[in-house]
């Protein structure tokens, strides 16, 4: 498992959006998300049965995976990940934590939110070797 780190050309601070998101999550959410990521990383690629915590996405988000955890007051936390089979200089596929978003109960993320996630994925995939932590 690795975290996408933005390249200096796109972000002079070289932020790691997924890691920053996890740091801001409530402790119980962060612990659950890390446990799901560890279980997914240990399983053969694409074979982890996520029990509602790890979901393959569809439509415009096809090829993305989502870690889903509910937090205090039924607030929803989502961590967006890619499985990278083409990363150079690594021996096996990478589980890449790209970014995360949260939303209140019974609300939806916007088209713009999903576009932002996909744009970060494009940024990650355009360099090989990848920009990761």
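In this note's numbering, the protein residues as written are 1109 to 1241. No residue lacks a Cβ here, since even glycine has one placed at the ideal position from N, Cα and C.
Could you give the DSSP three-state label for residue i: helix, strand or coil?
i, result
"residue 1163", "strand"
"residue 1211", "strand"
"residue 1082", "Missing from the structure shown is residue 1082; the chain here goes from 1109 to 1241 and no further."
"residue 1230", "helix"
"residue 1217", "coil"
"residue 1225", "helix"
"residue 1192", "strand"
What residue range does the alpha helix (DSSP H) around residue i cover?
i, result
"residue 1176", "Not the alpha helix (DSSP H): residue 1176 falls in the beta strand (DSSP E), residues 1172-1178."
"residue 1129", "1125-1132"
"residue 1141", "1135-1150"
Considering only C-alpha positions, which residue in the set the options is nearest to residue i?
i, options, result
"residue 1130", "1120, 1122 and 1142", "1142"
"residue 1181", "1136, 1149 and 1195", "1136"
"residue 1167", "1178, 1157, 1223 and 1117", "1223"
"residue 1235", "1215, 1165, 1159 and 1197", "1197"
"residue 1148", "1240, 1230 and 1110", "1110"
"residue 1177", "1144, 1165, 1201 and 1193", "1144"
"residue 1170", "1199, 1190 and 1215", "1190"
"residue 1217", "1118, 1188 and 1229", "1188"
"residue 1211", "1232, 1221, 1183 and 1192", "1183"
"residue 1172", "1238, 1230, 1241 and 1151", "1230"
Whole-angstrom Cβ separation of residue i and residue j, contact assumed at under 8 Å?
i, j, result
"residue 1126", "residue 1219", "With a Cβ gap of about 21 Å, residue 1126 and residue 1219 do not count as contacting."
"residue 1113", "residue 1122", "6 Å"
"residue 1186", "residue 1209", "5 Å"
"residue 1139", "residue 1161", "Contact doesn't hold; Cβ gap of about 12 Å is too wide."
Given that a residue counts as buried once 16 or more other Cβ atoms are within 10 Å of its Cβ, and exposed if not, what is residue i?
i, result
"residue 1213", "exposed"
"residue 1204", "buried"
"residue 1124", "buried"
For the ligand NAD, is there any heavy atom lying closer than 8 Å to the beta carbon of residue i?
i, result
"residue 1170", "You won't find the ligand NAD in this model; it holds no ligand whatsoever."
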